[in-house]
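S.K.: In the working numbering, the protein residues as written are 12 to 547. Quick reminder that beta carbons are idealized off the backbone N, C-alpha and C, glycines included.
1. For the alpha helix (DSSP H) containing residue 434, name the first residue and the last one.
2. Closer than 8 Å is the cut-off here; do at least three beta carbon pairs connect the stretch 310 to 324 with the stretch 220 to 232?
3. Under 8 Å, do residue 367 and residue 323 count as touching if we go by C-beta distance?
4. Can you give the Cα-Cα distance for residue 89 and residue 283, rounded to whole angstroms?
5. Assuming the contact rule is C-beta atoms closer than 8 Å, residue 177 and residue 166 should be a hit. Round their C-beta distance to whole Å, please.
6. My understanding is that residue 243 touches residue 108, with C-beta atoms under 8 Å, so please give their C-beta distance in whole angstroms.
7. List the whole-angstrom C-beta distance separating residue 233 from residue 168, where the pair is believed to meet the contact cut-off of C-beta under 8 Å.
8. Measuring straight from C-alpha to C-alpha, what distance separates residue 105 and residue 145?
9. At which residues does the alpha helix (DSSP H) containing residue 106 begin and terminate?
10. Which residues share a DSSP beta bridge with residue 426?
11. Note down the Cα distance separating residue 252 from residue 305, rounded to an integer number of angstroms.
12. First and last residue of the alpha helix (DSSP H) that includes residue 129?
13. Alpha helix (DSSP H) containing residue 359: first to last residue?
14. Who are the Cβ neighbours of residue 36 in its own chain at under 6 Å, not counting the five residues just before and after it?
15. Run the CB neighbour count on residue 278, radius 10 Å, all protein chains shown included, and call it buried at 16 or more, exposed below.
16. Here's the rule: buried if 16 or more other CB atoms are within 10 angstroms of the residue's CB, otherwise exposed. What is residue 336?
17. Pairs of beta-carbons, one from the stretch 404 to 417 and one from the stretch 432 to 442, closer than 8 Å: are there three or more?
18. In chain order, what residues of the same chain have a beta carbon less than 7 Å from the beta carbon of residue 125, not counting five sequence neighbours either side?
19. Would residue 259 pass as a contact of residue 356 if the rule is Cβ separation under 8 Å?
20. Look up residue 468 in the DSSP assignment and say whether it is helix, strand or coil.
21. Excluding sequence positions up to five away, which residues of its chain have a Cβ less than 6 Å from the Cβ of residue 159?
22. Excluding five sequence neighbours on each side, which residues of the same chain lie with their C-beta closer than 7 Å to the C-beta of residue 343?
23. According to DSSP, is residue 321 part of a helix, a strand, or is it coil?
24. Measure how close the beta-carbons of residue 79 and residue 240 come, nearest whole angstrom, since I'm counting them as under 8 Å.
25. Keeping to the same chain, check which residues put their C-beta closer than 6 Å to that of residue 171; ignore five residues upstream and five downstream.
26. Quick test of your reading: residue 435 and residue 423, contact by CB under 8 Å. State the CB separation rounded to the nearest angstrom.
27. Along the chain, where does the alpha helix (DSSP H) that runs through residue 202 open and close?
28. What is the DSSP secondary structure of residue 351, reduced to helix, strand or coil?
29. Within 10 Å of its beta-carbon, does residue 182 have 16 or more other beta-carbons around it, so buried, or fewer, so exposed?
30. Short check: CB of residue 565 to CB of residue 117, under 8 Å?
31. Which residues mark the beginning and the end of the alpha helix (DSSP H) in which residue 393 is found?
32. What whole-angstrom Cβ distance do residue 141 and residue 184 have, given they're in contact under 8 Å?
33. How many Å lie between residue 311 and residue 162 at the Cα?
34. For the alpha helix (DSSP H) containing residue 562, name the first residue and the last one.
35. Classify residue 419: buried if its beta carbon has 16 or more other beta carbons within 10 angstroms, exposed otherwise.
36. Nearest-angstrom Cα distance between residue 208 and residue 199?
This is the structure in structure tokens:
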């Protein structure tokens with residue numbers, strides 16, 4: 012009996028199992044009909060016939076673990092295995108898996124193996140869904156014993172193992188710490204111990220023995236499903252790596268098995284890279300509810316694509332799809348080889364990873380140019396009259412110095428500026444008179460050069476001698492010129508007189524007197540002298 016005959020026999024036995032399962036469901040449906048009929052008989056005669064017909068014809072609820080969570084009373088439930096839709100199918104799948112494992116790889120039909128890989132991948136998804144449903148059932152009923160356990164242990168497999176160890180006695184946590192070390196980490200065990208000590212001090216609720224039996228059976232189902240999932244995953248990893256080692260190195264065994272089951276290795280080589288992201292897209296989902304990229308197929312859920320942020324996943328799929336097609340062509344060309352070489356796949360995976368890291372890296376910051384090294388030279392420490400005058404001009408006034416000081420033990424006087432800010436006066440408050448603050452008299456004189464002082468002196472002399480002496484005296488007072496500056500030169504009448512109409516104006520503003528001869532420009536004068544020199 013060949014391998015193909017064995018697998019066909021397994022398929023036929025699966026159909027028989029499905030028929031038995033359908034018969035079992037029909038019996039359960041008959042029981043439901045009897046329950047509905049008995050309920051209808053016990054109803055009052057006031058109900059109409061239409062109400063009875065609607066109760067009898069309403070859709071029957073699927074019997075699974077979600078149905079058990081809604082059901083209030085579990086006293087009539089003796090076993091939970093019949094509520095699992097995955098366990099009966101797993102038995103036949105594991106039998107096929109053992110048959111293929113024990114068969115020579117050269118005798119295995121590739122098409123049949125691809126179909127089995129596809130079926131195994133689908134079963135992995137079903138197992139994951141079933142584990143989450145059973146885990147929800149265990150949490151909902153075990154909450155009355157230990158409410159905080161679901162927050163402390165979030166992994167369904169670890170949760171089931173902990174429940175099987177402590178059962179309904181929370182005080183066993185401290186006694187079984189060594190056993191729990193095989194399941195949990197030390198910090199998790201410490202958290203369980205502290206929480207268990209608080210729960211054990213509280214009043215223990217009454218819990219039926221049948222409920223605890225069902226919870227332990229549900230934990231066994233979780234562990235059994237996890238064990239089957241691990242076997243299938245190992246088989247898929249092994250076979251996918253044997254069929255397409257380079258593709259497996261890039262996108263992982265699970266996605267490789269899905270692509271091979273959809274196309275086959277030969278057709279995968281002929282597929283364009285742009286068509287690969289759309290393989291395995293769920294078209295039944297509403298497009299309005301989709302978030303992110305449109306093509307969320309098998310390739311979208313590979314490790315390389317999922318490792319980047321959402322905005323870079325489309326670019327990641329483009330990179331991965333191109334390399335997957337190249338890797339599939341290499342694997343197809345090496346299908347007759349006995350050695351599994353995935354060096355090209357590993358090289359391309361590393362290349363894609365580096366590109367994705369550069370793609371997600373923040374933009375380079377513009378490097379601030381360092382300041383040049385200062386020139387080592389002696390600093391100019393100037394002194395002298397000019398430098399002292401410059402320092403005096405920039406020095407802080409006495410009022411500002413007084414404002415920076417405060418009297419000890421006395422409240423500081425303040426005032427409001429034009430912007431409503433309160434400004435402290437410090438010791439400057441002693442210069443106030445009658446409540447109004449006035450600035451100190453400026454003790455500095457006007458700073459001017461000797462030439463400017465002589466011009467002002469001439470202007471003052473002309474102003475005092477002429478009828479415009481009043482304006483000149485006002486200008487001198489406004490400039491606040493010291494008498495010593497006015498006495499730098501002698502008489503102001505040495506540079507010639509001025510017309511009567513020009514009295515009161517400074518000499519640099521008075522019109523120039525014509526000497527009767529036209530004055531040449533400096534350049535013209537230079538040219539004339541140069542011409543005379545050449546002639547001579």
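M.R.: Taking the coordinates as given:
1. Premise fails: residue 434 lies in the beta strand (DSSP E), 433 to 435, not in any alpha helix (DSSP H).
2. no
3. yes
4. 55 Å
5. No, residue 177 and residue 166 are not in contact; Cβ-Cβ is about 16 Å, not under 8 Å.
6. 7 Å
7. 7 Å
8. C-alpha of residue 105 to C-alpha of residue 145: approximately 21 Å in a straight line.
9. 98 to 112
10. 434
11. Near 29 Å, if we compare the C-alpha coordinates of residue 305 and residue 252.
12. Unbroken alpha helix (DSSP H) run through residue 129: 121 to 153.
13. 354 to 371
14. Note that residue 36 has pLDDT 42, beneath the 50 cutoff, so the model's placement of it is unreliable and no number is given.
15. exposed
16. buried
17. yes
18. Hits under 7 Å: 271, 272, 275.
19. yes
20. In this structure, residue 468 counts as helix in the three-state DSSP scheme.
21. 206
22. 276, 277, 280
23. helix
24. Not quite, the Cβ-Cβ distance comes to about 22 Å (not below 8 Å), so this is no contact.
25. 230, 233, 234
26. 5 Å
27. 197 to 212
28. In the structure shown, residue 351 sits in coil (DSSP, three-state: anything other than H, G, I, E or B).
29. exposed
30. The displayed coordinates of the chain run from 12 to 547. Any statement about residue 565 would go beyond what the structure contains.
31. Residue 393: not part of any alpha helix (DSSP H); DSSP gives it neither H nor E.
32. Not confirmed; about 28 Å, so no contact.
33. 31 Å
34. Residue 562 is absent from the structure shown; the chain starts at 12 and stops at 547.
35. exposed
36. If you take the alpha carbons of residue 208 and residue 199, they lie about 14 Å apart.
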